[in-house]
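The block underneath contains the structure these notes are about, expressed in structure tokens.
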Amino acid sequence: MISRNHRPDNHTADPGAITESAREVPIAGEYDVIICGGGTSGFPAAIAAARQGARVAVIERYGFLGGVPAYSIMPAWHGLKVHHSGLLTEFARRVVEFGQGPDPLANNHVEPETVKQLFLVMALEVGVEIHLHTLIVGAVKEGNAVRAIVTESKSGRRAFAAKAFVDATGDGDLAFHAGAGYMKGRDGKVQAMSLRFRIGHIDFDRYFDWVKWHPQYYGKNTIAGLDELRRKARAGEDFFMQGDLADLFREYPDADLPTQSYFNVSSIRPGELSVNGTRLHGVDGTVEEDLTRAEITCRKQAYALWRFLRARVPGFERSLIVDIPAQVGVRETRCIIGDYVLMEADCRANRRFPDAVMTTRLAFDLHDVDRYIMETIKGTVDVPYGCFVVRGLEGLLVAGRTLSCDHVANSTIRKMETAFQSGQVAGTAAGLAALRGVTPRALPVAALQETLLRDGLKINQDYRSPDIGTPGYHARVYEPTPATTGRA
Ligand SMILES: Cc1cc2nc3c(=O)[nH]c(=O)nc-3n(C[C@H](O)[C@H](O)[C@H](O)COP(=O)(O)OP(=O)(O)OC[C@H]3O[C@@H](n4cnc5c(N)ncnc54)[C@H](O)[C@@H]3O)c2cc1C
């Protein structure tokens, strides 16, 4: 029986609310550790927890594991080749052995289909139980301790219980349902969303002939560099290229073109470009209506961009869009507040912490509310264990882009190689805590650090790669293109 609760002021606009009747929810499984989300940070978390000897389940909403590098077809793991350790190094080697797509340690690229398959294969190898097509919609607590998650799937509403949980959903969904505090962006505004897409059947020879005569659109690349890219394209090798097509955009009167003209592309398959070029500001990845608007707008932008390339840029005449991914890419939503909040100032000071469990490379990549800022500073910063432990709750750790940090620190924490390594930390901590019968907060950090070091993770700046970071400092800012501002 459904009864409608009319709000006192509900006459027209607000349809009010309904009360669901209480019901019993079956417990579908009990584990030592549950990893919520099988993406960039959830996969290593699952492997790491299982390798401590824990019984582990991964709960994932899609029909495959992988997260952004898979569902958002994001092949560019920028920074991987200089900032990798532990499980990430092992994963990169497995990618090479797998033999599909480029070598990540050479050029930072990983083929999205390889991510999907290897995440699955490696998780099954260590005995992780995988639940796909399962959306986490709630948390069950006893006092402040998280005891179970509530899920929805084709099997209905079910609960899964565990001794420790890792929230690796990117959005901090479980932490949110459990009542954790969180921050979102700066002044309530988060980074833009982008829908990547792939264009195939490009005549790279014609394209690079044109590029050579129009280097103004590819400012960061020298002529020699562009020649090298052309050689790679010819040889079918992978390459990455940054461009800014602002001047061309101004001439092209298509209202659906993206609001900014930066044109970053990766080529990991012969004759194809994976394009990072669409964007929509002012949308929140935890609001259904915003996600819907982003899908619609960014799809329009993708087709407008492709039509523009086909009409204006040699080499694209016979091209076609070969793939638009399962969902729009969400860069930033909730950062869950942990026992420590990593701040921009910590990053800029290359701060060290005694309870450091990993480091992050300092490449601030802010697709900001009104312009795009890319800033790289030398070195790394320690990330303390407190960033993983959710403030005010027991039994719950976070990993990935939802780690406890401010807006600017998040712009570097969210990078894939860092998100991945954070998964190893959270999974190891959850596994150790569950098996010792303590909460993650009560786990001695020294024991965690020792285990992570044994498993190859660079836990603080003493272990960073000598070649990390650019010498000195550079900043790159893309202003909005006047002709296209405000179109999305
Ligand atoms: C457009 C775009 C471009 C980017 N470019 C780069 C780049 O060039 N280089 C770089 O290093 N990084 C880049 N990033 C950032 C990086 O890809 C992400 O920040 C990182 O992958 C996030 O990892 P994660 O583990 O936190 O989340 P994800 O990888 O998104 O994993 C979260 C997982 O949880 C699942 N999930 C979510 N909610 C639920 C739920 N309620 N129930 C069940 N499952 C759920 C998801 O399906 C997913 O599998 C980019 C991101 C975007 C969106």
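Residue numbers 161 to 648, in the numbering used here, belong to the letters of the sequence shown in order.
All C-beta atoms in this analysis are idealised placements derived from N, C-alpha and C, irrespective of residue type, glycine included.
beta-carbon GLU492 near ligand 1 non-hydrogen atom, thresh 6 angstroms: no
Sub-7 angstroms separation of ALA208 and THR588 beta-carbons: yes
Inter-residue spacing [alpha-carbon to alpha-carbon] between LEU248 and ALA214: 20 angstroms
3-residue-minimum beta strand (DSSP E) runs that sit fully inside the segment 342-385, ordered along the chain: 342-344, 357-360
Under the three-state DSSP convention, the category ALA321 falls into: strand
First and last residue of the uninterrupted beta strand (DSSP E) at LYS460: Where LYS460 is concerned, there is no enclosing beta strand (DSSP E), although the alpha helix (DSSP H) it sits in stretches over 448-472.
Nearest-angstrom Cβ-Cβ length linking ILE195 and VAL306, presumed shorter than 8 angstroms: The Cβ separation is near 13 angstroms, so there is no contact.
Exposed unless 16 or more other CB atoms sit within 10 angstroms - verdict on ASN383: Residue identity differs from the one stated: residue 383 is Ile in this sequence, not Asn. Label assigned to ILE383: exposed.
Close Cβ partners of ASN510 (< 6 angstroms) along its chain, the five nearest in sequence each way excluded: GLY539, VAL541
Length of the line joining the Cα atoms of HIS337 and VAL482: 38 angstroms
LEU247: first and last residue of the uninterrupted alpha helix (DSSP H) it sits in: 246-258
Integer Cβ distance of GLN461 from PRO514, believed to fall under 8 angstroms: About 47 angstroms separates the two Cβ atoms, so there is no contact after all.
Nearest-angstrom Cβ-Cβ length linking ASN268 and LEU240, presumed shorter than 8 angstroms: 5 angstroms
Classification of TRP237 by the beta-carbon crowding that lies within 10 angstroms, buried from 16 upward: buried
Assigned secondary structure, VAL275 (DSSP; H/G/I helix, E/B strand, else coil): helix
Assigned secondary structure, TYR412 (DSSP; H/G/I helix, E/B strand, else coil): coil
Neighbourhood of GLY287 by C-beta, 7 angstroms cutoff - its chain only, sequence neighbours within 5 removed: ALA210
Among TYR191, CYS565, CYS458, LEU592, the one whose alpha carbon lies nearest that of ARG346: CYS565
Which listed residue (ALA516, TYR545, ARG512, GLY431) has its alpha carbon closest to that of ASP499: TYR545
Opening and closing residue of the beta strand (DSSP E) in which TYR422 lies: 422-427
Pairwise C-alpha distance: ASP365 and ARG391: 9 angstroms
Chain-order list of residues whose beta-carbon lies under 8 angstroms from that of PRO485 (same chain, five-residue window excluded): TYR231, SER232, ILE233, LEU355, ARG356, PHE357
ILE207 in three-state terms, based on DSSP: helix
Simplified DSSP state of SER232, which is helix, strand or coil: coil
ALA328 and GLY246 closer than 7 angstroms at C-beta: no
Closest Cα partner of ILE283 within the set ASP387, ALA206, LYS301, GLN212: For clarity, residue 283 is Ala in the given sequence; the question names Ile instead. Considering only alpha carbons, the answer is ALA206.
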